[in-house]
DNA sequence: GCCGTTTTCGGCCCGACTGTTTTCAGTCG
């Protein structure tokens, strides 16, 4: 942003969220408050700078923005704030809004704490609790004070989201333990943000179906790994595990399974919008089904919910985009990549470098997944810590691959490499060596902290190289860890599209790189992608499903993913087998 | 404050748990 103090989309969203919180505490109409929140969410979702929308005079075309909010946005962009926000900020200290982040504190209690006790921040709240000042307030009993104290502690203890891969594994383990103790479970699945493949997860939402829900709840609440039960009813139990992670189980009879899974998968706005469709039909939708005039229509399968409202089924990772429902209603939802589309894995490691499986073991695991070929891409010698391969060991490896191919035909193992892009931008192996391979995946592992220009130039050099077919994990980021290099991604997309070099969605849940927004931008720029596991053990091939999740969040069509192609078609697409500009 | 397959006015998602003012408000997912 050029001008100083310029408000970007996130800033605009933040201003309206702040306004909504403060007005809610003040006791304003909840519909008005919801309107500001809805506008804030629209600003977050805008595909272009809000300043550009304003310049075209199209602010009121943004969903949830009418004349009143449009005028406030204009003031905000011109002066950094607007009258109503200034007014309410002068009336209520902004720190009071922070109280809303504490479990069991909503707008009413935040106002009560501020008015009665002068609590203006989380620190003030802690102090008031320590001094026992919450107990005597009318309208806030000792029980509520205790829950608020617990909520404040849990906020400080568990204010973290887990990487998807960790949360997913933990959720599956929890489900396995629960199944042992509750054999009456007919169906059970991780829902919520895990099912939508968000890259980080704040809690586990578990949907289950059983004839006797209370028995399942009982088994869940008495698991040894439970630290604290937050609430419990006949169909539902929310608790905190000993590691501090929250888990929420909902159980209904199997005839409600579809609507329960739909409800728990969300996201919230997706759920609400379909419920609004139910209202438009003179009824209402809940986790039990569609009810109108005392009659309940239960939904046993999730697709039944969509079908009832005349919608195409929407894959969970696509549900966070409001456009999905509009398109599904017109029968125009685009096809996106599914796990079943994948015919190969083009990035995996064996015991020739830092993997744990042999070439044969990896090939057998891939064949068991239904793949028809793989590329073995062990590290090149420059990554010495990973026992990287030079020309001589590559020739030895070729002999082993030939033997496996002779045994497993028609399954086919390609010999590839994960080629280091050195700190100075040169590639780690000479062209003759690369030309002897079937496929080359290049990667920037080192020097990610170099400046934008230098690190971008290294990646561009790899993309332009006539023997490089794929750029692996293009940003180098680690989920919940390092941010990755400061690449000029727009330049990378353009050059990858021009040269026909594929960009990878590395499906290792610690990487997920490209991430969803990047993959979407890359496809829009005309790039071809790959979805690869980067597996280092045979079981790691299953991580491909996490990459498919990223692709679905990015609305990637299957025909833009290189490893959906049959082997012959893939080979024909490689630069080395075409005559192309270099 | 927004918005239109009931509507330009009068609606705005649903159900459940907790604690308590014991008939329901507040909070949550």
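In my numbering, the protein residues as written are 46 to 627. Glycine included, C-beta positions come from ideal geometry on N, C-alpha and C. It should be emphasised that the depicted structure is a prediction, and the values quoted were computed from it without experimental measurement.
- Taking the C-beta atoms as reference points, residue 518 is found nearer than 7 Å to residue 551.
- If you check the CB distance, residue 192 and residue 149 come in under 7 Å.
- Contiguous alpha helix (DSSP H) elements confined to the region 67-154 occur at 75-90, 95-100, 112-124, 128-136, 140-143, taking only those with 4 or more residues.
- Per DSSP, the continuous beta strand (DSSP E) segment holding residue 293 begins and ends at 291-297.
- Taking all protein chains shown into account, residue 238 has 16 or more neighbouring C-beta atoms within 10 Å of its C-beta and is therefore buried.
- Around the beta carbon of residue 362, a 10 Å sphere encloses 16 or more other beta carbons of the protein chains shown; the residue is thus reported as buried.
- Here residue 487 is near residue 513, since their CB atoms are less than 7 Å apart.
- Every beta strand (DSSP E) stretch that sits fully inside the region 489-572 and reaches 3 residues is listed by chain position as 547-551.
- Of 308, 64, 393, the smallest CA-CA separation from residue 583 is found for 393.
- Note: residue 265 is not bridge-paired with any residue in the DSSP secondary-structure output.
- Note on geometry: alpha-carbon atoms of residue 509 and residue 106 lie some 41 Å from one another.
- For residue 419, the enclosing beta strand (DSSP E) begins and ends at 418-421.
- Nearest C-alpha to residue 379 among 68, 593, 603, 278: 603.
- The Cβ atoms of residue 182 and residue 195 do not sit closer than 7 Å to each other.
- For residue 176, DSSP assigns no beta-bridge partner whatsoever.
- Non-local C-beta neighbours of residue 310 in its own chain, meaning closer than 6 Å and more than five positions away in sequence, comprise 236, 240, 361, ordered along the chain.
- Within the same chain, 449 come within 6 Å of residue 405 by CB-CB distance, once the 5 residues on both sides are set aside.
- The three-state reading of DSSP puts residue 62 in helix, counting H, G and I together.
- Cβ contact annotation for residue 207 (same chain, cutoff 6 Å, sequence separation greater than five): 246, in chain order.
- DSSP, read as helix, strand or coil, puts residue 163 in coil.
- Beta-bridge partners assigned by DSSP to residue 336: 329, 341.
- A straight-line Cα-Cα distance of about 53 Å links residue 99 and residue 459.
- Under the three-state reduction of DSSP output, residue 461 falls in the strand class.
- Residue 545 sits away from residue 503, with the two beta carbons spaced by 7 Å or more.
- Shortest Cα-Cα distance from residue 248 to any of 289, 226, 463 involves 289.
- Excluding its 5 nearest sequence neighbours in each direction, residue 523 has C-beta neighbours in its own chain below 8 Å: 529, 555, 556, listed in chain order.
- For residue 375, the closest C-alpha among the options 351, 381, 535 is that of 351.
- In this chain, the alpha helix (DSSP H) harbouring residue 441 covers 436-453.
- By the C-beta criterion, the region 210-223 is judged not to be in contact with the region 171-191, since fewer than 3 inter-stretch pairs fall below 8 Å.
- Residue pairing from DSSP places residue 232 in a beta bridge opposite 254.
- Residue state for residue 381 is assigned as coil, using DSSP reduced to three classes.
- Taking 8 Å as the upper bound for CB-CB distance, residue 391 and residue 515 are in contact here, some 6 Å apart.
- Setting aside the 5 residues that flank it on each side, residue 229 is surrounded in the same chain by 255, 256, 257, 260, 261, each with a C-beta closer than 8 Å to its C-beta; the list follows chain order.
- DSSP places residue 578 in the coil class of the three-state scheme, outside both helix and strand.
- DSSP, read as helix, strand or coil, puts residue 208 in strand.
- Between residue 422 and residue 399, the alpha-carbon positions lie close to 11 Å from each other.
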